[in-house]
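See below for the structure under consideration.
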Amino acid sequence: MRPPPLPLGITEDSGGHLTYVWGAADALAKRDDITEAELVTRLFDDPALGAEYALPQQPCGPKLRITRIDSGNRRYLSKEASAADRPAFIAALLADLAARPVRPDVVHAHFADAAEVAIAIRDRFGIPFVYNAHSLGIDKADHEATSADLEDRIGFEDRAIASADAIIASSRDEAERQLMRYPSADAAKIHRVPPGAALQGPTLDDTARARDMVAPFLRDPAKPIILAIARPVQKKNLGLLVDLYGSSPALREAANLVVVAGLRDGPDSGEREQRDVIGQLLSGLDQWNLYGALALPKRHEQSDIASLYALARDTGGLFVNPAATEPFGLTLTEAALHGVPVVATCHGGAADIVAEIGHGISVDPADGQAFVAAMLHLLSDRAAWSNASTTGRGRVRAYSWERYAERFVDIARGLMSPVSAILRPRDLLLSDIDGTLTGCREGARRLQVALDRDPRRMFGIATGRSLQEAQRILGDWHYRTPSVLVTSVGSEIYWRRGARLERDDGYARHLDHGWEPVRIRDALAGLDGLIPQAAVEQRRFKISYFADEAASRSVSQRLAEAGLAARVIHSHGNLLDILPLRGGKAAAMRWVAHRLSLPLSSVFAAGDSGNDRDMLEACPRAILVANHCPTVADLSGRENVYRSATPHAGGIVEAFRAYAGADEAGSLAA
Numbered sequence: 001m002r003p004p005p006l007p008l009g010i011t012e013d014s015g016g017h018l019t020y021v022w023g024a025a026d027a028l029a030k031r032d033d034i035t036e037a038e039l040v041t042r043l044f045d046d047p048a049l050g051a052e053y054a055l056p057q058q059p060c061g062p063k064l065r066i067t068r069i070d071s072g073n074r075r076y077l078s079k080e081a082s083a084a085d086r087p088a089f090i091a092a093l094l095a096d097l098a099a100r101p102v103r104p105d106v107v108h109a110h111f112a113d114a115a116e117v118a119i120a121i122r123d124r125f126g127i128p129f130v131y132n133a134h135s136l137g138i139d140k141a142d143h144e145a146t147s148a149d150l151e152d153r154i155g156f157e158d159r160a161i162a163s164a165d166a167i168i169a170s171s172r173d174e175a176e177r178q179l180m181r182y183p184s185a186d187a188a189k190i191h192r193v194p195p196g197a198a199l200q201g202p203t204l205d206d207t208a209r210a211r212d213m214v215a216p217f218l219r220d221p222a223k224p225i226i227l228a229i230a231r232p233v234q235k236k237n238l239g240l241l242v243d244l245y246g247s248s249p250a251l252r253e254a255a256n257l258v259v260v261a262g263l264r265d266g267p268d269s270g271e272r273e274q275r276d277v278i279g280q281l282l283s284g285l286d287q288w289n290l291y292g293a294l295a296l297p298k299r300h301e302q303s304d305i306a307s308l309y310a311l312a313r314d315t316g317g318l319f320v321n322p323a324a325t326e327p328f329g330l331t332l333t334e335a336a337l338h339g340v341p342v343v344a345t346c347h348g349g350a351a352d353i354v355a356e357i358g359h360g361i362s363v364d365p366a367d368g369q370a371f372v373a374a375m376l377h378l379l380s381d382r383a384a385w386s387n388a389s390t391t392g393r394g395r396v397r398a399y400s401w402e403r404y405a406e407r408f409v410d411i412a413r414g415l416m417s418p419v420s421a422i423l424r425p426r427d428l429l430l431s432d433i434d435g436t437l438t439g440c441r442e443g444a445r446r447l448q449v450a451l452d453r454d455p456r457r458m459f460g461i462a463t464g465r466s467l468q469e470a471q472r473i474l475g476d477w478h479y480r481t482p483s484v485l486v487t488s489v490g491s492e493i494y495w496r497r498g499a500r501l502e503r504d505d506g507y508a509r510h511l512d513h514g515w516e517p518v519r520i521r522d523a524l525a526g527l528d529g530l531i532p533q534a535a536v537e538q539r540r541f542k543i544s545y546f547a548d549e550a551a552s553r554s555v556s557q558r559l560a561e562a563g564l565a566a567r568v569i570h571s572h573g574n575l576l577d578i579l580p581l582r583g584g585k586a587a588a589m590r591w592v593a594h595r596l597s598l599p600l601s602s603v604f605a606a607g608d609s610g611n612d613r614d615m616l617e618a619c620p621r622a623i624l625v626a627n628h629c630p631t632v633a634d635l636s637g638r639e640n641v642y643r644s645a646t647p648h649a650g651g652i653v654e655a656f657r658a659y660a661g662a663d664e665a666g667s668l669a670a
């Protein structure tokens, strides 16, 4: 770690996480409510890598500094080799902190080895810590042979997950699938906070440096370039990419290939895995006779990377990420920032990025034919290429370090606040999110003002979304954290304690009675019109499919024939969720009201779609917003339902006034 330009690729451990750590710290240091941001790392003295890594202190701005701790061993050590040095590092860091007049309020640990350090700091000084996994071993184990080192790594990661006060995940896949595979995972501690798209720096339009870099390699430098940038490690599949390119005459005819695989002095430089990957690239160069078509630059600076993205865009090329699995993929957001369409692995968080930004295609790199076809499609279909380029540049602005820092500070403040008991409110609003709380910024503002003015009215949500997605959307719409969150279509409940969340395990035990998910999946296997949703959508008490109305009826019939008790909920025309018979939004609403000692007559339930139906039917004070789906239009005739004339959140404010007037008059005239 050093101030930019960052030494990306100088060793196998100097990858995109350096960009992440620096970007986060720099953004935090720029905030008025942050006194200081400090990056703490290990001091080493290796002149070949740079003299500054032996500096104990390195100021990086008015409120940002790097502190390097001398463990007594001044050799550079790889991540694996540094494990033996960790006890000495921890001892030296604890001594450093003990001598300070002012200690940090929060520690942010990157990777499980840093979490071990953070645990020691908390044990000694009581300082809470946030954990960032970045790259989880449990997913890595799916793609390579199990080893003692990998098993140890997974064990350390589980300890970090169990011990952390809060966990930050970059992607939805990481938050809801990867982390939740660990025995100690608790969704209530996990926050999805995407990092920024790129560091501030070079112009996005300068291609001169890139042209100079690739010119010695390419016979026809005017052709589009397929660009890949990754650390030279096996899981990045750079050797596979060269083989796919070399074996496709159409791809070789359409574009040049440029692979930036770290920094090297020669084929024998670097650590063993780095040498193996470089050897694969050079072997592919020879095997497929790619001289004049494949560029393998040996060295680069950060400004060269920005220039390469610009060159890929200006030549009508692509950025590709063929990794076996990609926890996040900062390079994909950087490509979007530069207007470069992408073809990326469908494994891990990369698929989330591509789906949200809409700047390319996600494909399984193990299906080489499909991966090549995706590249050829974007290279040959100029309308598709242009749409991906324009869409990417527009949507990637949502990935900002400023927004990241804002979310991080909210999480940190929560860790510093006391845990509070659940207080009994006068009444409760339990509202759907999509289309009800969202859709109108002015309505959202008015609702938040109304809630702030009435502290005895508790705010809760009841959504089909997961906990992490619900929190992300609410944050984007500037709602405060609800006091209770009913998520995943009424199959999970979380309570706020101060600024922390706590899972309602009693509700989970209640749902578990009679729930047979394995038998349900087996009974529905092969049913026409039923397509399983992605793994990230599946929960302990929710099985999710894509299905039309006819398929939904077939599901109910098949489950009845198999003697399986479950709730089947169809919404938005094509979403089907199967829950325990005791689950659903109405059941969760009753559970929440009971825990708050509130009668249902003191609950307002607001919604707009099919997965809100049971809640709206059961609530004496239901609110159907004006923009509701046709599938629930029939509810507007019920005595317990107020149909607002105002759409979205404004309709809830309207209903509050109507119900208040009805209370005074003794009746409700909707």
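In this text, residue positions in the sequence shown follow full-length UniProt numbering: the first is 1, and each later residue adds one. Virtual Cβ for every residue (Gly too), placed ideally from N, Cα, C.
Residue span of the beta strand (DSSP E) that contains residue i, given as start and end
i: residue 459; result: 457 to 462
i: residue 408; result: No beta strand (DSSP E) holds residue 408; the alpha helix (DSSP H) holding it covers 401 to 416.
i: residue 359; result: Neither: residue 359 is in no beta strand (DSSP E) and is coded neither H nor E.
i: residue 192; result: 190 to 192
i: residue 749; result: There is simply no residue 749 to check, as the chain begins at 1 and stops at 670 in what is shown.
i: residue 485; result: 484 to 487
i: residue 67; result: 64 to 69
i: residue 57; result: 57 to 59
i: residue 544; result: 543 to 546
i: residue 117; result: Not the beta strand (DSSP E): residue 117 falls in the alpha helix (DSSP H), residues 112 to 125.
i: residue 77; result: It is not in any beta strand (DSSP E) - residue 77 carries neither H nor E in the DSSP assignment.
i: residue 396; result: Careful: residue 396 lies outside any beta strand (DSSP E) and carries neither H nor E.
Presumed contact (8 Å Cβ cut-off) between residue i and residue j, rounded CB distance
i: residue 237; j: residue 323; result: 6 Å
i: residue 547; j: residue 529; result: 6 Å
i: residue 584; j: residue 614; result: 5 Å
i: residue 432; j: residue 470; result: Rounded, the Cβ-Cβ distance is 10 Å, inconsistent with contact.
i: residue 170; j: residue 328; result: 4 Å
i: residue 361; j: residue 337; result: Between residue 337 and residue 361 the Cβ distance is about 18 Å, and since that is not below 8 Å, they are no contact.
i: residue 161; j: residue 179; result: 7 Å
i: residue 402; j: residue 27; result: 6 Å
i: residue 482; j: residue 496; result: 7 Å
i: residue 235; j: residue 325; result: 7 Å
i: residue 654; j: residue 662; result: At roughly 13 Å, the Cβ-Cβ gap does not stay under 8 Å, so residue 654 and residue 662 are not in contact.
Extent of the continuous alpha helix (DSSP H) to which residue i belongs
i: residue 372; result: 368 to 380
i: residue 708; result: Missing from the structure shown is residue 708; the chain here goes from 1 to 670 and no further.
i: residue 253; result: 249 to 254
i: residue 554; result: 549 to 561
i: residue 283; result: 272 to 287
i: residue 344; result: Counting along the chain, residue 344 falls outside any alpha helix (DSSP H), though it belongs to the beta strand (DSSP E) covering 342 to 345.
i: residue 470; result: 467 to 476
i: residue 169; result: Run containing residue 169: none in the alpha helix (DSSP H); it sits in the beta strand (DSSP E), 166 to 169.
i: residue 449; result: 441 to 453
i: residue 214; result: 208 to 214
Of the residues the options, the one placed nearest residue i, counting alpha carbons only
i: residue 647; options: 661, 155, 439 and 225; result: 439
i: residue 606; options: 598, 186 and 589; result: 589
i: residue 506; options: 500, 518, 493 and 497; result: 493
i: residue 366; options: 321, 632 and 224; result: 321
i: residue 168; options: 490, 26 and 411; result: 411
i: residue 17; options: 133, 551, 478 and 310; result: 133
i: residue 387; options: 29, 339, 98 and 175; result: 339
i: residue 457; options: 425, 69 and 443; result: 425
i: residue 36; options: 66, 441 and 50; result: 66
i: residue 352; options: 280, 174 and 448; result: 174
Output the residue ranges of the beta strand (DSSP E) runs that lie fully inside the segment 16 to 47 and measure 3 residues or longer, sorted by chain position. 37 to 42
Check whether the segment 371 to 379 touches the segment 396 to 408, taking contact to mean three or more Cβ pairs, one atom from each stretch, closer than 8 Å. no
Check whether the segment 253 to 261 touches the segment 382 to 390, taking contact to mean three or more Cβ pairs, one atom from each stretch, closer than 8 Å. no
Given 8 Å as the limit, is there contact between the segment 403 to 418 and the segment 100 to 115, that is, 3 or more CB pairs closer than that? yes
How about the segment 64 to 82 and the segment 32 to 44: do they share at least three Cβ pairs that are nearer than 8 Å? yes
Taking only runs that begin and end inside the segment 565 to 645, name each unbroken beta strand (DSSP E) of 3 or more residues, in chain order. 567 to 571, 575 to 579, 603 to 607, 621 to 624 and 641 to 643
Counting pairs of beta carbons, one from the segment 299 to 307 and one from the segment 207 to 215, are three or more of them closer than 8 Å? yes
So, does the segment 621 to 630 touch the segment 453 to 466, judging by three or more C-beta pairs under 8 Å? no
Answer yes if the segment 244 to 256 comes into contact with the segment 282 to 291, meaning at least three C-beta pairs across the two stretches below 8 Å, and no otherwise. yes
Complete alpha helix (DSSP H) runs within the segment 496 to 539 (minimum length 4 residues, chain order): 505 to 512 and 517 to 524
With three or more beta-carbon pairs closer than 8 Å as the criterion, would you say the segment 585 to 604 touches the segment 552 to 559? no
Any contact of the segment 519 to 538 with the segment 213 to 227, i.e. 3+ C-beta pairs under 8 Å? no
Entirely within the segment 221 to 248 and at least 4 residues each: give me those alpha helix (DSSP H) ranges in chain order. 238 to 246
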